[in-house]
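Student: Chain order of the listed sequences is A and B. Per full-length UniProt numbering: the first sequence = residues 1 to 336. Per full-length UniProt numbering: the second sequence = residues 1 to 336. Virtual Cβ for every residue (Gly too), placed ideally from N, Cα, C. Please read all numbers here as calculations on a predicted model, not as lab measurements. Sharing a structure, written as structure tokens. Questions coming.
There are 2 protein chains.
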Amino acid sequence: MVTLAEVAHHAGVSASTVSYVLSGKRSISASTKDRVEQSIRELGYHPNAGARALASSRSNIIALMVPLRTDMYVPVMMEIAIAVATTARTHGYDVLLLTGEEGPEAVRRIEGSALADAMILMDVELDDERLPLIRETDRPAVLIGLPADPTGLTCVDLDFVATGAQCVDHLFELGHREIAVIGEAPAVYERHTGFAERTLDGLRARAREHGVRVLHRPCEGTYDALAATLARIFDERPGTTGFVVQNESAVEPLLSLLRRQGRAIPEDVSVIAICPDQVATQASVRLTSVAIPAQEMGRQAVEQVVAKLRGQGADEVALLVPELTVRASSGPGPAK
Amino acid sequence: MVTLAEVAHHAGVSASTVSYVLSGKRSISASTKDRVEQSIRELGYHPNAGARALASSRSNIIALMVPLRTDMYVPVMMEIAIAVATTARTHGYDVLLLTGEEGPEAVRRIEGSALADAMILMDVELDDERLPLIRETDRPAVLIGLPADPTGLTCVDLDFVATGAQCVDHLFELGHREIAVIGEAPAVYERHTGFAERTLDGLRARAREHGVRVLHRPCEGTYDALAATLARIFDERPGTTGFVVQNESAVEPLLSLLRRQGRAIPEDVSVIAICPDQVATQASVRLTSVAIPAQEMGRQAVEQVVAKLRGQGADEVALLVPELTVRASSGPGPAK
DNA sequence: TTGAAAGCGCTAACAA
DNA sequence: TTGTTAGCGCTTTCAA
């Protein structure tokens, strides 16, 4: 292994000079700098991560806690994780992948061992067990997702309240007055996942304003479950003409079942999906949708965390503005 | 921050004793051990990762290189990554998430900086740029996937040749004599992704043995692309009665299009998917499928890498035996 | 603009 | 069974 001392010797300078060339924390003459950089390249030197962490008490690692479950939004999770990793690299950080399995203990472990300088938490629940620890620690942390009480926390998320509202607006403007919402699996609501409830809040509030009726049904992403849900919806509200789907795996079953029932999209019913663009464009009908900006969320989380590591960022909730893209699945509602 | 020295003082022993209690590398009297462990708990001590890595030259970190693209098998990737992370934890390792973005340089960086003790590479291509470096390094490495030349490498993968063969066997036994293979997107074949080509090899070889005709068509996962592909297939081989799909996003379009054409599953055509069980069971028809055992692959990769870190494992290719599950999408072929 | 040297917190010989 | 101590490779203060 090549050490800093070896580089120093090879370049004919002291160890500290090499260190300062690397960190740029002190001005170095051009010639010395060149010589050192030359030696670094020739010897293929890489600073030892452990030694560096020990001496500087900074590991240059950001911990990313992903949820253990893979029952929801998996591609979104993956996209966020990858965006986090690549963005982190552009700032000189590596990413440590932690699963939710360890629970709050993971936060303590990272903090105690100084394994990571900061953390990013995904899939935060409304009343997440890890939050008290996060509030106490002085390690910068950013949440992807929004808990019930974000006081003293930094959060990045899509504005799901506005998302819900936009969906209602769009359907309302098209003339729809009875809307059904196909939601995530019941378990998702039972564990009070923030985005699902906030979407619902946004939907309902706006629906009330417009005098639109809303029916919400959580639903597993299987054909059978969806068939049952759909039957119930049309039983209870035969006049339903607008659908909002927030459940990736329910999208295709919904489209397929509506077709089988002879309901044309968008002539008879309109469908809006809340999902990544990829899902919306690859579906059997090109779906009008509000995009889930996974990459952007990952990127912003890292930017925030890096700012905090530099002592710049302040606690704040950054809600990304939802964008509704009109495609082929929404059209005018019933003539009055 | 609580240090080992503080624990030692609190317990009234020397630093090394605490260290040995932690590592178990030396026998300690029960009473001393108890006292030390008590102190550790009381003080909430966690060993400093940097210091430990520096002193022991082991970071207890495994690097996981995931592909940058998210165009393929995303849920599988995520499942593998999570399995890797959780399995690693059971062995006391953490996981560093690297994207393919850095390319081979990442291997050098990890090696040079001693950031990780070992690496696991996902989505290995047949002639992967990183392989020469992996062969040279003395850091244990395990590939998930199989390159063209696995000499001197340790690999874990599903036996895709056998997978292809099993699909043909099943269809052959049911009486099908003309089979079409809906493959991954053309780009996947162009970059010579091992599993796709190996599946094809297995399919074709077994088909030859049985005297079954095979047509292979790479295909994007959109409805339009699939519609075109399907039309071409039935033009060229009107007698096609068996389908093998190896493309998650093509599954639902395929089922839907076949239905629209009035081809009943499994009465008129049989469909076998090569995909995670979750996809097979959630599709509109419960699909006969060969499962992609993502968790198992991740788990085994970690077990292998940990064995190597202990100086136990040897280079070998571990091919998981594919399992075909008969569900509702395959049935008897045309009467002769 | 550069160098010398004192740690950072831990591990693992070496001693007892 | 336990203690003492010399580093691991780097950062950073202090000195020049």
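1. Which residues mark the beginning and the end of the beta strand (DSSP E) in which residue 216/A is found?
2. If you scan the stretch 147-206 of chain B from start to end, which runs of the alpha helix (DSSP H) of 4 or more residues do you find wholly inside it?
3. Which value, in whole angstroms, describes the spacing of the CA atoms of residue 167/A and residue 301/B?
4. When DSSP labels each residue in this structure, what does residue 317/B get in the three-state scheme?
5. With a cut-off of 9 Å, does the C-beta of residue 48/A fall near any C-beta of chain B?
6. Run through chain B and tell me which residues come within less than 9 Å of residue 75/A, C-beta to C-beta.
7. Are residue 254/A and residue 230/A touching if we call contact CB-CB under 9 Å?
8. Taking the alpha carbon of residue 218/B as the reference point, which residue from 211/B, 191/B, 205/B has its own alpha carbon closest?
9. Would residue 59/B count as contacting chain A if we go by Cβ distances under 9 Å?
10. Please tell me whether residue 306/B has its Cβ less than 9 Å away from any Cβ of chain A.
11. Suppose you measure from the CA of residue 321/B to the CA of residue 296/B; what does that come to, to the nearest Å?
12. Opposite residue 290/B in the DSSP bridges: which residues?
13. Where do the ends of the beta strand (DSSP E) carrying residue 242/B lie?
14. Let me know the alpha helix (DSSP H) ranges lying completely inside the UniProt domain "HTH lacI-type" (2-56) of chain B, each 4 residues or longer, listed in chain order.
15. Suppose contacts are defined by Cβ-Cβ distances below 9 Å. Is residue 49/B in contact with residue 60/B by that definition?
16. Quick check: the Cα distance between residue 102/B and residue 8/B, rounded to an integer number of angstroms?
17. Is there a Cβ of chain A sitting closer than 9 Å to that of residue 261/B, yes or no?
18. Please work out which residues of its chain come closer than 8 Å, Cβ to Cβ, to residue 165/A, disregarding the five sequence neighbours upstream and downstream, and give them in chain order.
19. Grab the span of the beta strand (DSSP E) containing residue 61/A for me, first residue to last.
20. Taking Cβ-Cβ distances shorter than 7 Å, what residues in chain B pair up with residue 223/A?
21. Taking contact to mean 3 or more Cβ pairs, one atom from each stretch, closer than 8 Å, check whether the stretch 109-125 of chain B and the stretch 88-101 of chain B are in contact.
22. According to DSSP, which residues form a beta bridge with residue 257/B?
23. Pick out whichever of 55/A, 54/A, 56/A, 17/A has its Cα sitting closest to the Cα of residue 37/A.
24. Of the residues that make up the stretch 179-201 of chain A, which ones have a beta carbon closer than 7 Å to any beta carbon in chain B?
25. What would DSSP say about residue 224/A, mapped onto helix, strand or coil?
26. How many angstroms separate the CA atom of residue 328/B from the CA atom of residue 283/B?
27. By the criterion of Cβ-Cβ separation under 7 Å, what are the contact partners of residue 86/A in chain B?
28. Just checking my contact of residue 247/B with residue 183/B at CB under 8 Å: how many whole Å lie between their CB atoms?
29. Report the rounded CA-to-CA distance for residue 134/A versus residue 99/B, giving the unit in angstroms.
30. Indicate whether residue 408/A and residue 223/A have their beta-carbon atoms separated by less than 9 Å.
31. Suppose contacts are defined by Cβ-Cβ distances below 9 Å. Is residue 44/A in contact with residue 107/A by that definition?
32. Out of 24/A, 178/A, 169/A, 105/A, point me to the one whose CA is closest to residue 289/A's CA.
33. Shorter than 9 Å from the beta carbon of residue 124/A to some beta carbon of chain B?
34. Which two residues bound the contiguous alpha helix (DSSP H) that contains residue 86/A?
Tutor: In short, the structure shows the following:
1. Going by DSSP, residue 216/A is part of the beta strand (DSSP E) stretching over 213-218.
2. Qualifying alpha helix (DSSP H) stretches, in chain order: 160-173, 186-190.
3. Looking at the two C-alpha atoms, the distance is approximately 44 Å.
4. DSSP places residue 317/B within a strand segment (E or B) once states are collapsed to three.
5. The beta-carbon of residue 48/A is placed less than 9 Å from the nearest beta-carbon of chain B.
6. Residues of chain B passing the Cβ test: 70, 74, 75, 78.
7. Contact annotation: residue 254/A and residue 230/A have beta-carbon atoms nearer than 9 Å.
8. Residue 218/B has its Cα closest to that of 191/B, out of 211/B, 191/B, 205/B.
9. Taking Cβ atoms only, chain A reaches closer than 9 Å to residue 59/B, which makes this a yes.
10. Taking Cβ atoms only, chain A never reaches closer than 9 Å to residue 306/B, which makes this a no.
11. Residue 296/B has its alpha-carbon roughly 11 Å from the corresponding atom of residue 321/B.
12. Residue 290/B is bridged by DSSP to 274/B, 324/B.
13. Membership of residue 242/B in the beta strand (DSSP E) is indicated by the continuous run 242-245.
14. As for any alpha helix (DSSP H) of minimum length 4 sitting wholly inside the UniProt domain "HTH lacI-type" (2-56) of chain B, the runs are 4-11, 15-23, 30-43, 49-56, ordered along the chain.
15. Cβ distance < 9 Å, so residue 49/B and residue 60/B count as in contact.
16. One C-alpha to the other measures close to 43 Å.
17. By the rule that beta-carbons nearer than 9 Å mark a contact, residue 261/B does not touch chain A.
18. 202, 203, 205, 206, listed in sequence order.
19. Taken as a continuous stretch (DSSP letters only), the beta strand (DSSP E) holding residue 61/A covers 61-66.
20. Within 7 Å Cβ-Cβ: 284.
21. Remark: three or more beta-carbon pairs, one from each stretch, lie closer than 8 Å, so the stretch 109-125 of chain B and the stretch 88-101 of chain B are flagged as touching.
22. The beta-bridge partner set that DSSP reports for residue 257/B is empty.
23. Nearest option by C-alpha distance: 17/A.
24. For the stretch 179-201 of chain A, no residue has a beta-carbon sitting nearer than 7 Å to a beta-carbon of chain B.
25. Reduced to three states, the DSSP call for residue 224/A is helix.
26. Per the coordinates, the alpha-carbon of residue 328/B lies some 11 Å from the alpha-carbon of residue 283/B.
27. By Cβ distance, chain B contributes 99, 101.
28. Separation of the CB atoms of residue 247/B and residue 183/B is rounded to 6 Å, and the pair is thereby assigned contact status at 8 Å.
29. Each residue's Cα considered, the two are about 27 Å apart.
30. Only positions 1 to 336 of chain A appear in this structure, which leaves residue 408/A out of reach.
31. Taking 9 Å as the Cβ cut-off, residue 44/A and residue 107/A do not qualify as a contacting pair.
32. Looking only at 24/A, 178/A, 169/A, 105/A, the smallest Cα-Cα distance to residue 289/A is reached by 169/A.
33. So no, residue 124/A is outside the interface.
34. The continuous alpha helix (DSSP H) containing residue 86/A extends over residues 74-90.
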